[in-house]
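Undergrad: Residue 1824 in our numbering is what sits at position 379 of the sequence shown, and the numbering runs on without skipping anything.
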Amino acid sequence: MRKAIMTTMISVSLLAVTACNDNSASSSNTNNVADSAQPVFKNVSVHDPSIIMTDNKYYVFGSHLASAKSNDLMSWTQLSSGVVEGNVLIPNVKEEFAEALKWAQTDTLWAPDVIQLADGKYYMYYNACKGDSPLSALGIAVSDNIEGPYKNKGIILKSGMMGKGDDGEIYDATQKPNVVDPDVFFDKEGKLWMVYGSYSGGIFIMELDANTGFPLPDQGYGKKLLGANHARIEAPYMLYSPETDYYYLFLSYGGLAADGGYNIRVARSKAPDGPFEDSEGQDMINAQGSPSVLFDDPAYAPYGVKLMGNFEFLNTDDELPVSGEGYVSPGHNSAFYDEENGKYYLIFHTRFPNRGEKHEVRVHQMFMNSEGWPVVAPHRYGGESIEKYTKEQISGEYKYVNHNKDITADIVQSELIELTKSGKIKGAVKGKWKLIDDHTAELTIDGSTYNGVFLKEWNEATASNVMTFTAVSKEGISIWGSHVSTME
1446 MRKAIMTTMI
1456 SVSLLAVTAC
1466 NDNSASSSNT
1476 NNVADSAQPV
1486 FKNVSVHDPS
1496 IIMTDNKYYV
1506 FGSHLASAKS
1516 NDLMSWTQLS
1526 SGVVEGNVLI
1536 PNVKEEFAEA
1546 LKWAQTDTLW
1556 APDVIQLADG
1566 KYYMYYNACK
1576 GDSPLSALGI
1586 AVSDNIEGPY
1596 KNKGIILKSG
1606 MMGKGDDGEI
1616 YDATQKPNVV
1626 DPDVFFDKEG
1636 KLWMVYGSYS
1646 GGIFIMELDA
1656 NTGFPLPDQG
1666 YGKKLLGANH
1676 ARIEAPYMLY
1686 SPETDYYYLF
1696 LSYGGLAADG
1706 GYNIRVARSK
1716 APDGPFEDSE
1726 GQDMINAQGS
1736 PSVLFDDPAY
1746 APYGVKLMGN
1756 FEFLNTDDEL
1766 PVSGEGYVSP
1776 GHNSAFYDEE
1786 NGKYYLIFHT
1796 RFPNRGEKHE
1806 VRVHQMFMNS
1816 EGWPVVAPHR
1826 YGGESIEKYT
1836 KEQISGEYKY
1846 VNHNKDITAD
1856 IVQSELIELT
1866 KSGKIKGAVK
1876 GKWKLIDDHT
1886 AELTIDGSTY
1896 NGVFLKEWNE
1906 ATASNVMTFT
1916 AVSKEGISIW
1926 GSHVSTME
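(1) Buried or exposed for V1711, going by 16 or more other Cβ atoms inside 10 Å?
(2) Compare the Cα-Cα distances from I1709 to each of G1749, S1686, T1522 and Y1843 and report the closest residue.
(3) For K1596, which residues in the same chain have their Cβ closer than 8 Å to its Cβ, ignoring the five residues on either side in sequence?
(4) Please state whether DSSP places Q1838 in a helix, a strand or coil.
(5) Can you tell which of F1914, S1512, K1850 and K1901 has its C-alpha closest to the C-alpha of G1593?
(6) Where do the ends of the beta strand (DSSP E) carrying L1864 lie?
(7) According to DSSP, which residues form a beta bridge with W1878?
(8) Give the C-beta separation of E1652 and K1636 to the nearest angstrom, bearing in mind that I take them to be a contact with Cβ-Cβ under 8 Å.
(9) Given this structure, state the Cα-to-Cα distance separating C1574 from M1607, to the nearest angstrom.
(10) What residue range does the beta strand (DSSP E) around V1898 cover?
(11) If you drop the 5 nearest sequence neighbours on each side, which residues of the same chain put their C-beta closer than 7 Å to that of D1467?
(12) Closest by CA to A1886, which one among K1566, I1839 and S1859?
(13) If we count the other Cβ atoms within 10 Å of its Cβ and call it buried at 16 or more, is P1662 buried or exposed?
(14) Assess contact between the region 1780 to 1799 and the region 1683 to 1691, defined as three or more Cβ pairs (one per stretch) separated by less than 8 Å. Is contact present?
(15) For A1916 versus N1896, is the C-beta distance shorter than 9 Å?
(16) Who are the near neighbours of L1752 in its chain, counting only those whose CB is closer than 7 Å to its CB and skipping five residues on each side?
(17) First and last residue of the alpha helix (DSSP H) that includes E1764?
(18) According to DSSP, is E1854 part of a helix, a strand, or is it coil?
(19) Check whether the Cβ atoms of V1624 and S1604 sit closer than 9 Å, and answer yes or no.
(20) I'd like to confirm the pairing. Which residues does DSSP put opposite E1722 in its beta bridges?
(21) Pull up the DSSP beta-bridge partners for E1920, would you.
(22) Between which residues of its own chain and T1853 is the CB-CB distance below 6 Å, once the five residues before and five after are set aside?
(23) Is the Cβ-Cβ distance between S1909 and F1758 less than 9 Å?
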């Protein structure tokens, strides 16, 4: 079983609305392709998908008791959805979680996380929140079977109360956490941790008992890693890389809705409990809002490496006459490292241009660049493996996207550039590029250097294999390129 960073182990105030508050209906779509060598996708809707691998299958668990499974990270099967009686995960959910639902004054559950502990059982860290306040409860339910049913073991944290909070101090929503969005993981030494939090007072981490799954005593809410004053930062998820020996803390900035500007960021540390820094060396503890401004996005937008935001690859006249490809408000991700093949994956939900609030799960492959930062492949994972490429394979016309660093609902539309065989970049932006070793990419654009990889992968919008690049700068800005020409 693998989950999160396992290497040698099993691996707001009244206005603070977090990323789990979503009730969009599920949707599915199958990409029917005749060539068996081409990937076949089957889509599902699981908001805030948290991944776990067990028995050679991948499972994602999300808000509103939604879950799905897959054998290959491409074709998914929906298992459950809805906080209703008869849900396979928790058939008598209203009775089983009555205390949490009553405390949070809600009838639904938000983003959970599932991990397997040494006793072989599966531990679900569930949470409920009122939604227009940080009145929340976070608890543990346990099952012998990954697909349930789970039995409640009790609440471990509460927030949003009047008076003293779980740390014995007066609860202040600008400084104390909203106890939602848990991610539970083993560090490389075998210690068990939970990172959690959303909006309100920020993101926190605490150590758990590796045998029982419950918090070790006398921690209160744990240690703050970043955030405060209702900064729109949430959905923490931790991934350890044995390749770089860093712990990577993934976060979602902005609002989850189609007009919320949701985007995925990352910071790193040599220790699971920080301090965490971004690519510019900025301490993430300073990523917080302003005391006098609610949701002051410009105050914390400069912090963290931005991996992905709203974008659209526009098809050219030379490509198939079908619509382009893009995401709107991608976020609340989990991440996974496969020890057997050395691949990294980013798992998240996203909305889409011109499709309103409907959302689906997406999986993209990730790589560690030469500076030890994750870069995300531009297209969804289609079973590809990175290979050795030549300048001739790489040169040509690309659809180029710069994800910038802001928090915005604007959709960045691709522009055309050319990577010439002589190493120049022409078109919408100017600069130069290098192929280093087999597939390492270095692009210099407008004075900034971006480090990443070249990768041949499947493009759904053109139904073809294309060369791509993904790279990130020291300033924490990611760029993507997708070849206009098809690759045979």
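Beta carbons are placed, not taken as given, at the ideal position from N, Cα and C, and that holds for glycine.
TA: Looking at the atomic coordinates:
(1) That one is buried.
(2) Relative to I1709, the option among G1749, S1686, T1522 and Y1843 whose CA is nearest is G1749.
(3) The beta carbon of K1596 lies closer than 8 Å to those of E1541, A1586, V1587 and S1588 in the same chain, with the five residues before and after it left out.
(4) In the structure shown, Q1838 sits in a helix (DSSP, three-state: H, G or I).
(5) Checked all of F1914, S1512, K1850 and K1901; the closest Cα to G1593 is S1512.
(6) Here the beta strand (DSSP E) through L1864 covers E1860 to L1864.
(7) Its beta-bridge partners are L1888.
(8) With a Cβ gap of about 6 Å, E1652 and K1636 count as contacting.
(9) Those two C-alpha atoms are separated by around 15 Å.
(10) For V1898, the uninterrupted beta strand (DSSP E) run begins and ends at S1893 to N1904, by DSSP.
(11) Any answer about D1467 is weak, because its pLDDT of 48 lies below 50 and its placement is not dependable; what the coordinates show is given next. Closer than 7 Å at Cβ, skipping near neighbours: H1492, S1508 and L1701.
(12) The candidate whose alpha carbon is nearest that of A1886 is I1839.
(13) Exposed, because fewer than 16 other Cβ atoms sit within 10 Å of the Cβ of P1662.
(14) Because the criterion of three Cβ pairs below 8 Å is met, the region 1780 to 1799 and the region 1683 to 1691 touch.
(15) Between A1916 and N1896, the C-beta spacing is below 9 Å.
(16) Cβ-Cβ distances below 7 Å link L1752 to I1709, R1710, V1711, P1819, V1821 and S1923 in the same chain, with the five nearest sequence neighbours on each side left out; the list follows chain order.
(17) No alpha helix (DSSP H) contains E1764, which DSSP labels as neither H nor E.
(18) Reading off the sequence shown, one finds Ala at residue 1854, where the question assumed Glu. Correct three-state label for A1854: coil.
(19) Yes. Within cutoff.
(20) E1722 pairs with R1713 and D1728.
(21) DSSP lists no partner for E1920.
(22) Counting only Cβ-Cβ distances below 6 Å, and skipping sequence neighbours, we find G1706.
(23) No.
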